[in-house]
Ligand SMILES: Cc1ncc(COP(=O)(O)O)c(C=O)c1O
Ligand SMILES: Cc1ncc(COP(=O)(O)O)c(C=O)c1O
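Protein chains in written order, with UniProt numbering: chain P, 1 to 434; chain L, 1 to 434.
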C-alpha cells in the first residue's frame, strides 16, 4: 500500500474547507491520556474559547465527538421525548435533516416550508409557534444547500414567550457570520468544525443554556459499570425518561466535560488539539474582523460572477454570506464543469442536493479557504472552463470587477477603521447607486 | 491563549495509547474534499485494509465517525427493534455498556453475569442462548476493566445454530490479539482506534456480514432532502421499522462508503488519514508478528511485576494479553502512586471502574506503546514509586526478571522462526516448569 498522497487543492465548497497549517501542525502533537492534567486543561481552554466564539455566557460549550449532525442529534435527543411536538421551518436540505432526526426520535413533527432559495418572514414562524405550541423549534441558520440565512432574533423571542426550546443549526455560520447565542435567545446552538472554523470534520461544538441543562438533569442516568456500590454511590432515580442514545447523551458528556470528569467516551485527542488551535486562530483574528473578511470575499466573488455573465441563485435579501449559489447556464453540464475545475485547476466547488442537483453550483468562502487569492483563482478558472464548455463567459471583466471590488472593500475598511462594515446587501445597494 | 503544549508521555493505559509518528504525520496532510477522487480512493483503501485486519471476507468494513462506543451503538441500532430480546453476558464494565445501549434502544435485555476477573465458560452462554432465544447476543471480547478475554468460537457456533446475531466489542483486541471474524462466525465486530491500532481516538472501525446487511436493507430510509423528485427518485417504502438514529444509521453510512457515495455526514478527513496510516503500519508489521510482539511485552511485564512482589489480578486462564491488572497492595494509596508515576516519570497507568476502582492498576501494552523499552521504564518507575510509598518492591529483581524474559522470548522467536509462538498462559506454565 502506497504512502498517503494528497494533492494541493483550493477548496471552495461549503465544507470541508482548507485548514490553516497551524491547525494541521497542532494535530501532529503526541497523544496525552484523557485524564492527564495537561489534557483536561486543554479541554477547559477549548470550552472557554468556544463560549467566546458562540458569544455566550452559558455554562456549557464543548464538542460532541462526531460530525455536525451528531451534535444536532445530541441536542434533539436531550430535548425530545416520545410524542413531543417539534416545529421545523424548512427551506432546504438541512431543514429536512432536522425533520428526519426528530421524526426518528418519535416526535410529532410539524413542518412549515418555503421554496428553496428563500427564508421565512419571522412572523410566519411566530404564527406557527402560536398554532402548534411546540415543545421544540428546530431551525437552520445558514442553509448551505440553497445559500440562504434565516434571521433568528424574532423567533428567539417568540420561543421564550411560548415556552418552546429553540435549537439552531449554525453549522455553516459560526466563525464566519454573526451568531449571537445570548442576544438572540437561542437555547442550543450547534456549530461545524469543517466550515468557517477551518478545522477538519469530526467534531460538533455546541452550547446550551440553563433551560436545556435543567432538562438534562431530569433525564440523567449514570452507567451501571461506573457505580461504586461500596461507596453507596447508586445514583438517584431520575425523573424524566431516559435519553435514547448513550453515545449522544449530553447529560453524561456534560459530566465528562465538567469538574467530576466522569468517564463517558474517550475524548478524540488529536481532533481536540485541532479545535483548540482553530479557536485560537479565530480569536486572534477577532470575531468582527473575521466576519468582515467573509463579507469582503463574498463581495469580491459576487461582483466577479456577475461581471462574468452568471446569475446568482435565490433571494438576495437573505443570502448566506459564506455560500454563493450560481445558476448553471442552460445547456451547460454542471458535473463536467466541476470535473474540469478539479482536474485542470485543482479547485473544488460543489453541486447541490435534491431539487437543485445539477441546477446550481455552490461556492463556499469559508474559514481559511476564504481568501481573496482563492476567489481570484476561481474566477479565472471558472471563466476559462465555461468558455471551454461553450458558454461566453467574460473572464477578463470578471477578474477586473473582482479586483475593483477588492480595492473598494479595502477603502471601506480604512474609512470604517474596522467598525461598522456594511452588510453584503448594503454593499450591493450602495454599489448599484454609485 | 498560549501555544498548544504537550509533554512527552509514556502511555501504558488501556487506551488512548501512543501513536506512531508516521500516523501523526499523515494527519498533518492538507484536506481533500469528500467527493474528490483522491479522497474516495483513500476511503476504498482503508476499507480494503480493514478487511485484512478483521480477517474477514465481508463486503463491508468502514469506520463510524465517533469513538468506539458509537460503533457499538450503531451496530445495536441496526439490529435491535423495540422489544427484541438481547442477551448480554457481563463480566466487567464494558459488558454493562452493551446492556445500557440495548436497554435505551428498547430491547428486552437478558443479563448473565460472572464475577469481575473471570469470563464465561462457553457452555454457560450457550445454555442462556437456548433458554432466552435472543435475537442478538452482544459480548465483549477483551474486557479492559478487568483485563480478561472471552473465547468466542463456541458462542459464534451457537448463535448461528439458534438464529441469533452475534455482536462483538473487540475494541481492545483488534490489532493486538487474534480476532477471527469469519472463522468464529461473528456477525458484527467493532474495533477501537486508540488501543492496539495506535491511532487517535475518534473513529470506530467495524465490519458486518451479509446477515446484518439484509437487516439494514430492510430498514433503510433515504433522507428527504436528498430525494430528486424530478428524476422520480422517491425511494421504495422500507419494510422494517426505521433505525432510531440518523447519525448512527449504518444503512445510510454504508451507502456513503459504497459505490453510490450518497452523502450522509462529512467524513472526518484527518482521522481517516490517520486510520489509513495506522492500518498500513499493522499490515507492514504483519498480523502474526504484531500479536507476537504483544504477547512478548505481556510476558516481560508480568515476569517483572511478579519478581517485584506484586500479585496479578484475575483468573490467569483468561488473561487479556494487552492489559495486565495488578492488585494494589494493602495500605497503598492507588491514586498517589499513579500521580507520582505521571508527574515524576511521565508514565501513565490506569485505575479501574466501579467495584475495582482503587483496588487494581491496569497496565496496557497496546499498539505503539507496546515496546520493551516502555515496559522496562515502567518497572523501574513503579518499583521506586512503591518503595517511596512504603511497599518493599524488589526493583532490581523485577528488572532482572524482565530482561531475562525478554531474552527468553527472543530465543523462542528464533526457534519458532516466527511460527507457533506459545500463548501467554503456555509461556507461564513452561517457565514454571523450568
Ligand atoms: C472494551 C471496551 N469497549 C468499549 C470502549 C469504549 O470506547 P470509546 O471510549 O472509544 O468510546 C472501551 C474504551 O475504553 C473499551 O475498552
Ligand atoms: C447547514 C448544515 N447543517 C448540517 C450539516 C451536517 O454536517 P456534517 O456533515 O458535519 O454532519 C451540514 C454539512 O454539510 C450543513 O451544511
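Ideal Cβ positions, reconstructed from N, Cα and C, are used throughout, including at glycine.
Inter-residue spacing [alpha-carbon to alpha-carbon] between residue i and residue j
| i | j | result |
| --- | --- | --- |
| residue 252 of chain L | residue 206 of chain L | 15 Å |
| residue 124 of chain P | residue 191 of chain P | 25 Å |
| residue 92 of chain P | residue 144 of chain P | 8 Å |
| residue 66 of chain L | residue 148 of chain L | 25 Å |
| residue 435 of chain L | residue 300 of chain L | Residue coverage of chain L in this structure runs from 1 to 434, which leaves residue 435 of chain L outside it and unanswerable. |
| residue 100 of chain P | residue 224 of chain L | 8 Å |
| residue 401 of chain P | residue 32 of chain P | 50 Å |
| residue 420 of chain P | residue 408 of chain P | In this prediction, residue 420 of chain P has a pLDDT of 48, which is less than 50 and means its spatial position is unreliable; what the coordinates show is noted afterwards. If I take the Cα positions, the gap works out to 15 Å. |
| residue 242 of chain L | residue 73 of chain L | 15 Å |
| residue 28 of chain L | residue 75 of chain P | 31 Å |
| residue 68 of chain L | residue 22 of chain L | 22 Å |
| residue 358 of chain L | residue 86 of chain P | 46 Å |
| residue 47 of chain P | residue 290 of chain L | 39 Å |
| residue 410 of chain P | residue 296 of chain P | 9 Å |
| residue 126 of chain P | residue 95 of chain P | 17 Å |
| residue 344 of chain P | residue 328 of chain P | 19 Å |
| residue 412 of chain P | residue 396 of chain P | 25 Å |
| residue 80 of chain L | residue 218 of chain L | 13 Å |
| residue 373 of chain P | residue 248 of chain L | 39 Å |
Candidates the options, of which the one nearest residue i by Cα
| i | options | result |
| --- | --- | --- |
| residue 451 of chain L | P/355, P/100, P/281 | No answer is possible for residue 451 of chain L: the residues shown for chain L start at 1 and end at 434. |
| residue 375 of chain L | L/83, L/85, L/293 | L/293 |
| residue 389 of chain P | P/330, P/362, P/410 | P/330 |
| residue 255 of chain P | P/342, P/2, P/64, P/160 | P/64 |
| residue 404 of chain P | P/162, P/302, P/62, P/284 | P/302 |
| residue 57 of chain L | L/189, L/342, L/16 | L/189 |
| residue 132 of chain L | L/119, L/159, L/317 | L/159 |
| residue 287 of chain L | L/180, L/387, L/61 | L/180 |
| residue 272 of chain L | L/333, L/263, L/285, L/204 | L/204 |
| residue 308 of chain P | P/266, P/317, P/393, P/37 | P/393 |
| residue 119 of chain L | L/151, L/362, L/49 | L/151 |
Proximity test, Cβ basis, 8 Å: residue i and chain P
| i | result |
| --- | --- |
| residue 94 of chain L | yes |
| residue 348 of chain L | yes |
| residue 100 of chain L | yes |
| residue 209 of chain L | no |
| residue 389 of chain L | no |
| residue 11 of chain L | yes |
| residue 169 of chain L | no |
| residue 353 of chain L | yes |
| residue 84 of chain L | no |
| residue 265 of chain L | yes |
| residue 285 of chain L | no |
| residue 273 of chain L | yes |
Which residues DSSP lists as bridging residue i, in chain order
| i | result |
| --- | --- |
| residue 364 of chain P | P/323 |
| residue 207 of chain L | L/61, L/189 |
| residue 169 of chain P | P/140, P/190 |
| residue 112 of chain L | L/89 |
| residue 148 of chain L | L/143, L/319 |
| residue 118 of chain P | P/116 |
| residue 312 of chain L | L/326 |
| residue 476 of chain L | Beyond the ends of chain L as shown, which are 1 and 434, falls residue 476 of chain L; an answer cannot be given. |
Any chain L beta carbon closer than 8 Å to residue i
| i | result |
| --- | --- |
| residue 374 of chain P | no |
| residue 418 of chain P | Its pLDDT being 46, under 50, residue 418 of chain P is placed unreliably in this model, and the value from its coordinates should be taken loosely. Chain L, which has no Cβ nearer than 8 Å to the Cβ of residue 418 of chain P, makes this no. |
| residue 36 of chain P | yes |
| residue 434 of chain P | Bear in mind that a pLDDT of 43 at residue 434 of chain P, under 50, signals an unreliable position, so the model cannot answer this. |
| residue 89 of chain P | no |
| residue 366 of chain P | no |
| residue 69 of chain P | yes |
| residue 331 of chain P | no |
| residue 245 of chain P | yes |
> Within the chosen definition, does the stretch 167-186 of chain L reach the stretch 363-382 of chain L through at least 3 CB pairs nearer than 8 Å?
Replying inline: The stretch 167-186 of chain L makes contact with the stretch 363-382 of chain L, as at least three CB pairs between them are under 8 Å.
> How about the stretch 348-363 of chain L and the stretch 10-29 of chain L: do they share at least three Cβ pairs that are nearer than 8 Å?
Replying inline: The stretch 348-363 of chain L makes contact with the stretch 10-29 of chain L; the number of CB pairs closer than 8 Å reaches 3 or more.
> Where the beta carbon is closer than 5 Å to any heavy atom of ligand 4, which residues qualify, in chain order?
Replying inline: Absence of ligand 4 is noted for the structure shown, with ligand 1 and ligand 2 being the only ligands found.
> Is it a yes or a no for the stretch 152-171 of chain L touching the stretch 126-142 of chain L, going by three-plus beta-carbon pairs under 8 Å?
Replying inline: Contact between the stretch 152-171 of chain L and the stretch 126-142 of chain L is present, with at least three C-beta pairs closer than 8 Å.
> Is there contact between the stretch 208-222 of chain P and the stretch 104-111 of chain P, where contact requires at least three CB pairs shorter than 8 Å?
Replying inline: Segments in contact, no.
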